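Here the structure comes first, spelled out in structure tokens, and everything after it is commentary.
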Amino acid sequence: MKLAELRQKQGIKQTDVDGFSQVSVSRIESRSDIKISTLVDYVHACGFDVEIKAVPKKKKNKEEFVLLRA
Numbered sequence: 001m002k003l004a005e006l007r008q009k010q011g012i013k014q015t016d017v018d019g020f021s022q023v024s025v026s027r028i029e030s031r032s033d034i035k036i037s038t039l040v041d042y043v044h045a046c047g048f049d050v051e052i053k054a055v056p057k058k059k060k061n062k063e064e065f066v067l068l069r070a
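Counting in this note's numbering, the sequence shown tops out at residue 70, every number present.
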């Protein structure tokens, strides 16, 4: 899911994302690369939590490793 879709799913306009200007939201949503700290702040402002997992490339083992939970 794209960041803009995440925000829109919550019914939040670009101008209403807490802690971000409309210009900042537009830039964040159009970037192909983003700092994890910015992603966490943005996702929290949209009413979601962040969880980053590391999973083996091979499908044999379904084990997951949580790297970040914010």
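Even for Gly, the Cβ is constructed at its ideal location relative to N, Cα and C. None of the values given here were measured: they were computed from a predicted structure.
query: Near VAL40, which residues of its chain fall below 7 Å by C-beta distance, leaving aside the five closest residues on each side in sequence?
result: VAL50 and ALA70
- prompt: Between MET1, ALA45, LYS2 and LYS35, which lies nearest to GLN22 when the distance is taken from Cα to Cα?
  reply: ALA45
query: What are the boundary residues of the alpha helix (DSSP H) that includes GLU64?
result: Taken as a continuous stretch (DSSP letters only), GLU64 belongs to no alpha helix (DSSP H), as it is neither H nor E.
field: Cβ pair TYR42, PHE65 closer than 8 Å
entry: no
- request: Mark VAL55 as exposed unless 16 or more other C-beta atoms lie within 10 angstroms of its C-beta, in which case mark it buried.
  value: exposed
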